[in-house]
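Trainee:
Residue numbers (UniProt numbering): 1 to 379.
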């Protein structure tokens, strides 16, 4: 379970914040070589080396011209000012609002996060679950993701997803409809509307929850950025639920990242005939927890022995209490209105007459049989 350690909280110097804003412009998300350089020399010195092209290790020298080309014209102060006008901010490692669980990504940890919305990212992330799945989902997947997310929100859990079409959108909408909080992790700048049809949804997420991205304002999505975005979703949350996914799906990359980070991985079962459930079923075969509702998700990610899902059983009927000799007698009674005399039931049950008579009266007290003259019949 994720905990709030916060031993590393400090006042981030303005020079470091500007350096991280610069690095967000020139370094792609998940660049581990650049991440190692930041670990060794700090963001200020790393930004200086990348913009000038000197003192770089071999892994970065071949990309030096690209870094310098991106660095031309970068104005981090202007980026921070523009973000402020948009209602966004840059959250850096060491800030009080930085989620320390992202540090589990090591050199691939985000350089910083651009966050749009007024809530505390750190506090929201402590009680959060990722709900992800296919873009081209079925009506079943939409229904499950919406209801699951609404119920998680009702239980005061934060729903995290990627803002895409399909399961992502259903997850966000479910949480919002339940007056809950949801977080959208984007593969573009937090000022961009992608996909284009989600303008109103993204605005609602920013108002009621948070939008966040490693990429600076104005950045556009690319396929690699979507895949790298998934590692942030996985690291940020306590666990990842895959609602619906084919065997080749970006949602499965989120699940794999979560597993590699020792986060909980869950999957919702679907029809065995549906290709869009094949990826979720493969996760279950590989060890993911099978979940069907919010209570079962919370049992996985919540407190041990505290947030247990209720035990579900079918309805109890009188026949459940019948066994042994009584069941033999009951099975010996023929169907139909006439029933049978005790002598016939003795032959059918293979018991003594007294035993059959005792069991018939017991069955009668349960309302299962009734007597008419010398015959006993099913009630």
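Think of the CB as a built atom: it goes at the ideal place given N, C-alpha and C, for glycine as much as any other residue.
#1: Which residues bound the alpha helix (DSSP H) around residue 44?
#2: For residue 239, does the three-state DSSP call read helix, strand or coil?
#3: Taking residue 128 as the reference, which of 367, 252, 270 and 298 has the closest Cα?
#4: Are the beta-carbon atoms of residue 27 and residue 34 separated by less than 7 angstroms?
#5: Rounding to the nearest angstrom, what Cα-Cα distance links residue 119 and residue 88 in this structure?
#6: Alpha carbon to alpha carbon, how far is residue 55 from residue 199? Give it in angstroms, no decimals.
#7: Helix, strand or coil for residue 1 per DSSP?
#8: Who are the near neighbours of residue 204 in its chain, counting only those whose CB is closer than 7 angstroms to its CB and skipping five residues on each side?
#9: Give me the Cα-Cα distance between residue 79 and residue 202, rounded to the nearest whole angstrom.
#10: Return the CA-CA distance between residue 141 and residue 186, expressed in angstroms with no decimal places.
#11: Helix, strand or coil: which one does DSSP assign to residue 271?
#12: Counting pairs of beta carbons, one from the stretch 222 to 229 and one from the stretch 130 to 146, are three or more of them closer than 8 angstroms?
#13: Is it buried or exposed, residue 29, if we count other Cβ atoms within 10 angstroms and call 16 or more buried?
#14: Taking the straight line between their C-alpha atoms, what separation do you get for residue 1 and residue 183?
#15: If you scan the stretch 217 to 263 from start to end, which runs of the alpha helix (DSSP H) of 4 or more residues do you find wholly inside it?
#16: Is it buried or exposed, residue 31, if we count other Cβ atoms within 10 angstroms and call 16 or more buried?
#17: Locate the alpha helix (DSSP H) running through residue 61, then write down its first and last residues.
#18: According to DSSP, simplified to helix, strand and coil, what is residue 186?
#19: Could you spell out the range, first to last residue, of the alpha helix (DSSP H) harbouring residue 18?
#20: DSSP state of residue 374, grouped into three classes?
#21: Please look up how many angstroms separate the CB atoms of residue 240 and residue 132, rounded, as I've assumed it's under 8 angstroms.
#22: Between the stretch 284 to 298 and the stretch 249 to 265, are three or more C-beta pairs nearer than 8 angstroms?
#23: Please classify residue 168 as buried or exposed, where buried requires at least 16 other C-beta atoms within 10 Å of its C-beta.
#24: So, residue 326 versus residue 372, is the Cβ gap smaller than 7 angstroms?
#25: Per DSSP, which one or two residues make a beta bridge with residue 265?
#26: Here's the rule: buried if 16 or more other CB atoms are within 10 angstroms of the residue's CB, otherwise exposed. What is residue 338?
#27: List the endpoints of the continuous beta strand (DSSP E) containing residue 88.
#28: If we cut at 7 angstroms on Cβ distances, does residue 217 have a partner in chain C?
#29: I'd like to check one pair, residue 379 with residue 367: are the Cβ atoms closer than 7 angstroms?
#30: Contact check, residue 110 vs residue 232 under 8 angstroms by CB: the rounded distance?
#31: Can you list, in chain order, the residues of its chain with a C-beta nearer than 6 angstroms to that of residue 20? Leave out the 5 residues immediately preceding and following it.
#32: Using a threshold of 7 angstroms, state whether the C-beta atoms of residue 284 and residue 210 are closer than that.
#33: In the DSSP assignment, the beta strand (DSSP E) including residue 288 goes from what residue to what residue?
#34: Where does residue 164 fall in DSSP's three states?
#35: Pick out whichever of 105, 106, 95 and 345 has its Cα sitting closest to the Cα of residue 123.
#36: So, at 6 angstroms on beta carbons, what are the nonlocal neighbours of residue 433 in its own chain, with the 5 sequence-adjacent residues on each side left out?
Mentor: For this structure:
#1: The residue you call residue 44 lines up with position 44 of the chain shown. Where residue 44 is concerned, the enclosing alpha helix (DSSP H) stretches over 32 to 52.
#2: Working through the chain shown from its first residue, we reach residue 239 at position 239. In this structure, residue 239 counts as strand in the three-state DSSP scheme.
#3: As a first step, residue 128 is located in the chain shown; it is residue number 128 there, counting from the start. When each option's Cα is compared against that of residue 128, the closest is 298.
#4: Position 27 of the chain shown holds residue 27. Position 34 of the chain shown holds residue 34. Yes, the pair counts as a contact, with Cβ atoms nearer than the cut-off.
#5: Stepping through the chain shown from its first residue, residue 119 is reached at position 119. Stepping through the chain shown from its first residue, residue 88 is reached at position 88. So the alpha carbons of these two residues sit roughly 11 angstroms apart.
#6: For the purposes of this step, residue 199 is taken as residue 199 along the chain shown, with counting starting at 1. For the purposes of this step, residue 55 is taken as residue 55 along the chain shown, with counting starting at 1. C-alpha separation (whole angstroms): 43 angstroms.
#7: Position 1 of the chain shown holds residue 1. Caution is warranted here: a pLDDT of 48 is assigned to residue 1, below 50, making its placement in the model unreliable, and no coordinate value can be reported.
#8: In the chain shown, the residue the question calls residue 204 occupies position 204. Only 176 meet the Cβ criterion.
#9: As a working note, residue 79 is residue 79 in the chain shown. As a working note, residue 202 is residue 202 in the chain shown. Cα-Cα distance, rounded: 21 angstroms.
#10: By 1-based counting over the chain shown, the position of residue 141 is 141. By 1-based counting over the chain shown, the position of residue 186 is 186. Whole-angstrom Cα-Cα distance: 21 angstroms.
#11: Numbered from 1 along the chain shown, position 271 holds the residue referred to as residue 271. The answer is coil: DSSP assigns residue 271 none of H, G, I, E or B.
#12: no
#13: Working through the chain shown from its first residue, we reach residue 29 at position 29. By the 10 Å Cβ count, residue 29 comes out buried.
#14: Looking up residue 1 in the chain shown gives position 1. Looking up residue 183 in the chain shown gives position 183. Confidence in residue 1 is poor, its pLDDT being 48 and thus under 50, which makes the residue's placement unreliable; the coordinate value appears in the next sentence. Across the structure, residue 1 and residue 183 are spaced so that their CA atoms are roughly 19 angstroms apart.
#15: 223 to 236 and 250 to 260
#16: Along the chain shown, one-based indexing puts residue 31 at 31. Counting Cβ neighbours within 10 Å, residue 31 comes out buried, since at least 16 surround it.
#17: Against the chain shown, residue 61 aligns to sequence position 61. That run of the alpha helix (DSSP H) goes 58 to 61.
#18: Within the chain shown, numbered from 1, the residue matching residue 186 stands at position 186. Reduced to three states, the DSSP call for residue 186 is coil.
#19: Locating residue 18 in the chain shown gives position 18, counting from the first residue. Segment 14 to 26, the alpha helix (DSSP H) holding residue 18.
#20: Along the chain shown, one-based indexing puts residue 374 at 374. Three-state DSSP puts residue 374 in coil, outside helix and strand.
#21: Along the chain shown, read from residue 1 onward, the residue named residue 240 stands at position 240. Along the chain shown, read from residue 1 onward, the residue named residue 132 stands at position 132. That belief holds up - the Cβ atoms of residue 240 and residue 132 are roughly 6 angstroms apart, short of 8 angstroms.
#22: yes
#23: Numbered from 1 along the chain shown, position 168 holds the residue referred to as residue 168. By the neighbour-count rule (16 or more Cβ atoms within 10 Å), residue 168 is buried.
#24: Translated into positions along the chain shown, residue 326 becomes position 326. Translated into positions along the chain shown, residue 372 becomes position 372. For residue 326 and residue 372, no; Cβs fall outside 7 angstroms.
#25: For the purposes of this step, residue 265 is identified with residue 265 of the chain shown, where counting begins at 1. Looking at the DSSP assignment, residue 265 forms a beta bridge with 240.
#26: What you label residue 338 is simply residue 338 of the chain shown in a count that begins at 1. It is exposed - the Cβ of residue 338 has fewer than 16 other Cβ atoms within 10 Å.
#27: To locate residue 88, count along the chain shown from 1; it is residue 88. Here the beta strand (DSSP E) through residue 88 covers 88 to 91.
#28: Of the chains in the structure shown, none is chain C; there is only one protein chain.
#29: In the chain shown, the residue the question calls residue 367 occupies position 367. In the chain shown, the residue the question calls residue 379 occupies position 379. With contacts defined by Cβ atoms closer than 7 angstroms, residue 367 and residue 379 form a contacting pair.
#30: For the purposes of this step, residue 110 is taken as the residue at position 110 of the chain shown. For the purposes of this step, residue 232 is taken as the residue at position 232 of the chain shown. The pair is a contact, with the Cβ atoms about 6 angstroms apart (cut-off 8 angstroms).
#31: As a working note, residue 20 is residue 20 in the chain shown. So the qualifying residues of the chain are 43, 92, 111 and 112.
#32: As a first step, residue 284 must be located in the chain shown, where it is residue number 284. As a first step, residue 210 must be located in the chain shown, where it is residue number 210. When the beta-carbon positions are compared, residue 284 and residue 210 stay at least 7 angstroms from each other.
#33: What you label residue 288 is simply residue 288 of the chain shown in a count that begins at 1. From DSSP, residue 288 is part of no beta strand (DSSP E); its letter is neither H nor E.
#34: Here residue 164 corresponds to residue number 164 of the chain shown, with the count starting at 1. Residue 164 falls in the coil class under three-state DSSP.
#35: In the chain shown, the residue the question calls residue 123 occupies position 123. Ranked by how close their Cα comes to the Cα of residue 123, the residues 105, 106, 95 and 345 have 95 in first place.
#36: The displayed coordinates of the chain run from 1 to 379. Any statement about residue 433 would go beyond what the structure contains.
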